[in-house]
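In this note's numbering, the protein residues as written are 85 to 372.
For each residue, glycine too, the CB sits at the ideal point set by N, CA and C.
To keep things clear, I will list the structure first and then write my remarks on it.
Following this line, the structure appears as structure tokens:
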């Protein structure tokens, strides 16, 4: 049992004990069974409102209104002609009002514990998702997460007005490399490429494995000129590892495209252009 679940159970127990005591006290003190039953229902409703919170401070509003109404009813009964002078109208009113207010406070504490537990679960699920998104062999993010991560970076760049650059880097003929070196050696080389990219890039950058020795690199807050320098260095380092030509296509937000799919297309086309033109790095922004 975690600290969060333990705290939730403690507060549930506190609320249950308090509800039993509060309803019992009002039932004993209120000389009229009908109003004591209504107060019992109201106390339970206030507890529910404190946890569910249909609108802001709903539990406090209902508790205050119900407490005032109940106190007013008991006051009228105490001052009515023929009222029992020894009746417990005033103590019942005080007990009812106190029970409603304290119920709202305890219910609110339980809600806070539930919200904290929910936040903890979300945090843990995000950590698990991030772990599952990483290929344990290469250390790079898996390809199926590329679109989601690109959408996040594009939205962040659009919101804050920052530059964002996408790099598609890969060897000229991966199939030929695999046939010459074998699938196992090629797989090890792909993992070595990933580690090289991860080592050379910043922690805020993302390396995504795209298959056939190609990787997609997300560089937040990086202008096209800076991305070109990075691409040249990475391609040269990758070429030393593989022993074959490695080229890179660059797409920049917002100069080349403003959508994640458009940036991906631009980067792929730039890489194909680099291969066709036998140059190391290509980009529409750099060539225009």
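Shortest Cα-Cα distance from residue 184 to any of 98, 124, 238 involves 124. Three or more Cβ pairs closer than 8 angstroms define a contact, and the segment 164-177 meets that threshold against the segment 110-121. For residue 225, the three-state secondary structure derived from DSSP is strand. Note that the C-beta distance between residue 141 and residue 130 is not below 8 angstroms. Secondary structure in the segment 311-348: the beta strand (DSSP E) runs of 3 residues or longer, each lying completely within the stretch, are 330-337 in chain order. Annotated as distal: residue 244 and residue 92, with beta-carbon spacing of 8 angstroms or more. Residue environment analysis places residue 291 among the buried positions, since at least 16 neighbouring C-beta atoms fall within 10 angstroms of its C-beta. In this structure, DSSP gives residue 308 a helical state, which the three-state scheme calls helix. Ranked by Cα distance from residue 242, the first of 229, 353, 343 is 343. In this chain, the alpha helix (DSSP H) harbouring residue 152 covers 142-163. In this structure residue 143 is buried. Its beta-carbon is surrounded by 16 or more other beta-carbon atoms within 10 angstroms. Around the beta carbon of residue 240, fewer than 16 other beta carbons lie within 10 angstroms, which makes this residue exposed. Membership of residue 254 in the beta strand (DSSP E) is indicated by the continuous run 248-255. According to the DSSP assignment, residue 292 belongs to the beta strand (DSSP E) that extends over 290-295. Comparing C-alpha distances from residue 135 to each of 229, 180, 191, 299 shows the shortest one belongs to 191.
Taking C-beta separations shorter than 7 angstroms and ignoring five residues to either side along the sequence, the partners of residue 126 in its chain run 150, 184, following chain order. Residue 133 counts as buried, since no fewer than 16 other beta carbons sit within 10 angstroms of its beta carbon. In the DSSP annotation of this structure, the continuous segment of the alpha helix (DSSP H) that includes residue 262 starts and ends at 258-265. With contacts defined as CB atoms closer than 8 angstroms, residue 284 and residue 318 qualify as a contacting pair. For residue 254, same chain residues with a beta-carbon under 6 angstroms away, outside a window of 5 residues either side, are 297, 298 in chain order. Partner residues in a beta bridge of residue 233, as assigned by DSSP, do not exist.
Counting along the chain, the unbroken alpha helix (DSSP H) around residue 125 starts and ends at 117-136. Residue pairing of residue 365 in beta bridges, as defined by DSSP: 332. By the neighbour-count criterion, in which 16 or more other beta carbons inside 10 Å mark a residue as buried, residue 206 falls on the exposed side. Around residue 107, the same chain offers 124, 127 as residues with beta carbons nearer than 7 angstroms, after the five sequence neighbours per side are excluded.
Contact between residue 157 and residue 187 does not hold, since their C-beta atoms are separated by about 18 angstroms, which reaches or exceeds 8 angstroms.
About 6 angstroms separates the Cβ atoms of residue 316 and residue 365, confirming a contact at the 8 angstroms cut-off.
Going by C-alpha positions, residue 152 is about 27 angstroms away from residue 96. Shortest Cα-Cα distance from residue 294 to any of 251, 160, 314, 166 involves 251.
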